[in-house]
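Residue numbers (my numbering): 172 to 778. No residue lacks a Cβ here, since even glycine has one placed at the ideal position from N, Cα and C. Predicted model, so just to flag it, every value in this text is computed and none were measured. Accompanying notes for the structure given below.
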Ligand SMILES: Nc1ncnc2c1ncn2[C@@H]1O[C@H](COP(=O)(O)OP(=O)(O)O)[C@@H](O)[C@H]1O
Ligand SMILES: [Mg+2]
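Here it is in structure tokens:
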């Protein structure tokens, strides 16, 4: 036999190629929706039956096709979107390969109806498993309707390979969202069977996010906006407490195309460093606009990967934009700090009505822990203990101080008198600080707020001048595993920078000679264990040692719930909190402040 190489018949070639583009019903949904968007539609309707296995139909009001194009669009590599090689480097549309329609027609029974605005009649084409079945003229509205029936009817192996209906439906929903989110200017409807799953009227990006994700996200996302000549960024990011255990709501679009990019994802995640509870992931809905010539979307047929020309710069710009958005979020931007006079007199009367009396404390009433510089007290020798000393509650033995504060009988103490003065802070259950602002009532979580203040000030100190250290009277010795020992050794200088003097003592042992003054009352070994744990879990580059140390110190130093505060202390806490870079959240991602808008309070009093 001379010739063993054969050219495959078109139909078979198409079927094989279709395997790449059409993996499951959701792939059809994606391709059809993208075609509608490329056709300039402003209204798109998606209908699926039996999770797309029986029917997927997309109806749009886009520009339609001529009868000739309607026939041509099923040819492999037939596209109206690129003409020459150069166009490949300047792609403005979602499609460009001219493969989808041919692939879909190769593995399903397809009916296409399409009409341009200027045409009297539309064209209908029926094609099944690549076999042309007929073309006729039909009366219809302008636009295009494509129905794809019995996917993989001619490839039973592929059909059997599909997952159960609920999984396939989930894939369809995912694709639908990836298209609907970045196109809020387009109205979408999605029917599964006769159930209307999504009805999304034209909206802004923020409204579209809310339409899809639910009302609750509205107040839990913040705006991120940046325009440089390399990149435009517009979108919303979930506040830290919206972070999820599973990586779910992470949407990154480049020139309206959904992409997955571990590198840019990392840029967003770093902006949250020190803010997210462990093991959680930030949510984001970000649209990036870059010069089409600076990216290569030609990496993968299903096109969720992109190569960037200026990846490193994009990384830096994205990280800083998210960080800035985070810093400006919630509290600061929403609150108007002008007090209003009616409210002033109201709040003055509150402490007298309060039935709670603070327990006596050994506090020096003139002492202000936040005086001048938040770090000032830590420069003094005894400083770290001051909070605890100051708020040592003498007459509350072992029961929960908050509970006690809640249920104690009314009694007039010196503190209650002080509170009844002219100041405008009120402490609720020794846990929250209430303050008035023009728009309503602020409720500050004293512990979370203090953690934020301390965290930022420690971080600053660690960064600038290093932290005062204290020689240990009794140096602590500890032993670790061999691999941990190597890790510690590698970071020994970092530890010195933050005030730990660590000496290598044998192959797997260390001696702690000095500790940061702030931690003199803490078990240093516990800190090293925590560090090791973090290093191993996240990698040293993700969690900086300074951040981690600042976090732990803030946690141990912050005022706890159940601690009575004086007016000056509350006022200082308030001032310092709002001088922070990220006042809205504790370093562990807890909100520090909630606002009760006056309107909401008024609303509650409506009959
Ligand atoms: N909904 C639609 N409205 C108008 N034209 C369409 C539509 N769907 C497909 N087409 C035409 O069919 C061509 C082929 O589509 P497709 O196979 O998806 O390739 P691509 O989108 O990569 O160009 C498109 O280039 C476009 O001209
Ligand atoms: Mg296409």
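Where residue 195 sits in the DSSP three-state scheme: Numbered from 1 along the chain shown, position 24 holds the residue referred to as residue 195. Here residue 195 sits in coil by DSSP.
May I have all residues whose beta carbon comes closer than 5 Å to any heavy atom of ligand 2, sorted in chain order? 206, 266 and 271
Can you check whether the CB of residue 695 is closer than 8 Å to the CB of residue 647? Taking the first residue of the chain shown as 1, we reach residue 647 at position 476. Taking the first residue of the chain shown as 1, we reach residue 695 at position 524. Yes, Cβ-Cβ distance for residue 647 and residue 695 is below 8 Å.
Would you identify the three-state DSSP class for residue 263, choosing helix, strand or coil? Numbered from 1 along the chain shown, position 92 holds the residue referred to as residue 263. Residue state, collapsed to three classes: coil.
Residue 601, buried or exposed, once every other Cβ within 10 Å from all chains shown has been counted against 16: If you number the chain shown from 1, residue 601 lands on position 430. Buried is the call here.
If you measure from the CB of residue 244, is any heavy atom of ligand 1 nearer than 7 Å? For the purposes of this step, residue 244 is taken as residue 73 along the chain shown, with counting starting at 1. Yes.
Could you pull out every unbroken beta strand (DSSP E) segment of at least 3 residues lying fully inside the stretch 389 to 431, listed in chain order? 392 to 398, 402 to 409, 421 to 425 and 428 to 430
In its own chain, which residues sit with a C-beta less than 6 Å from the C-beta of residue 218, not counting the 5 before and 5 after it? Numbered from 1 along the chain shown, position 47 holds the residue referred to as residue 218. Closer than 6 Å at the Cβ level, and outside the excluded window around residue 218, lie 228 and 362.
Considering only their Cβ atoms, is the gap separating residue 408 from residue 395 smaller than 8 Å? The residue labelled residue 395 in the question sits at position 224 within the chain shown. The residue labelled residue 408 in the question sits at position 237 within the chain shown. A contact, by the Cβ cut-off of 8 Å.
Please say whether residue 298 and residue 276 have beta carbons closer to each other than 8 Å? Looking up residue 276 in the chain shown gives position 105. Looking up residue 298 in the chain shown gives position 127. For residue 276 and residue 298, yes; Cβs fall inside 8 Å.
Are the stretch 320 to 332 and the stretch 286 to 293 in contact at 8 Å, needing three or more beta carbon pairs? no
Using 8 Å as the Cβ pair cut-off and three pairs as the minimum, do the stretch 282 to 289 and the stretch 256 to 270 touch? no
Tell me which residue opens and which closes the beta strand (DSSP E) that residue 640 is part of. Residue mapping note: residue 640 aligns to position 469 of the chain shown, counting from 1. Run containing residue 640: 640 to 650, per the beta strand (DSSP E) assignment.
Could you check if residue 234 belongs to the surroundings of ligand 1, using beta carbon to heavy atom distance under 7 Å? Position 63 of the chain shown holds residue 234. True, at least one ligand heavy atom lies under 7 Å from that Cβ.
Among 496, 465 and 500, which one has its Cα closest to the Cα of residue 485? Your numbering for residue 485 matches position 314 in the chain shown. Minimum Cα distance to residue 485 is reached at 465.
DSSP has residue 478 in a bridge; who is on the other side? Counting from 1 along the chain shown, the entry for residue 478 is found at position 307. Residue 478 is bridged to 467.
Given 8 Å as the limit, is there contact between the stretch 746 to 755 and the stretch 763 to 775, that is, 3 or more CB pairs closer than that? yes
Is residue 240 near ligand 1, judged by its Cβ being under 7 Å from some heavy atom? Sequence index remark: in the chain shown, residue 240 carries index 69 (1-based). Answer for residue 240: yes, Cβ within range of ligand 1.
Do residue 151 and ligand 1 come close, with the Cβ less than 7 Å from some heavy atom? Lying outside 172 to 778, the shown extent of the chain, residue 151 is not represented and no answer is given.
Could you tell me if residue 149 is buried or exposed, where buried requires 16 or more neighbouring beta carbons within 10 angstroms of its beta carbon? In the structure displayed, the chain extends from 172 to 778; residue 149 sits before or after that span and is not available.
Distance, residue 617 Cα to residue 734 Cα: By 1-based counting over the chain shown, the position of residue 734 is 563. By 1-based counting over the chain shown, the position of residue 617 is 446. Distance between the alpha carbons of residue 734 and residue 617 is about 9 Å.
Would you say residue 277 touches ligand 1, meaning its beta carbon is less than 7 Å from a heavy atom? Mapped onto the chain shown, residue 277 falls at position 106. No, since every heavy atom of ligand 1 falls outside the 7 Å radius drawn around the Cβ of residue 277.
Can you tell which of 443, 222 and 432 has the C-alpha that lies nearest to the C-alpha of residue 196? Reading the chain shown from its first residue, position 25 is the one you call residue 196. When only C-alpha atoms are compared, the closest one is 222.
Between which two residues does the beta strand (DSSP E) containing residue 358 stretch? To locate residue 358, count along the chain shown from 1; it is residue 187. Its beta strand (DSSP E) spans residues 358 to 363.
Taking only three categories from DSSP, how would you classify residue 680? Indexing the chain shown from 1 puts residue 680 at position 509. Three-state DSSP puts residue 680 in a strand.
Should residue 624 and residue 669 be called a contact, given that it needs their Cβ atoms to be closer than 8 Å? Position 453 of the chain shown, counted from the first residue, corresponds to residue 624. Position 498 of the chain shown, counted from the first residue, corresponds to residue 669. It is not a contact, given that the beta carbons lie outside the stated cut-off.
In or out: residue 542 buried (at least 16 other Cβ within 10 Å) or exposed? Counted from its first residue, the chain shown places residue 542 at position 371. The pLDDT assigned to residue 542 is 42, lower than 50, so where the model puts this residue is not dependable; a value taken from the coordinates is nonetheless given after this. Exposed, by the Cβ-count rule.
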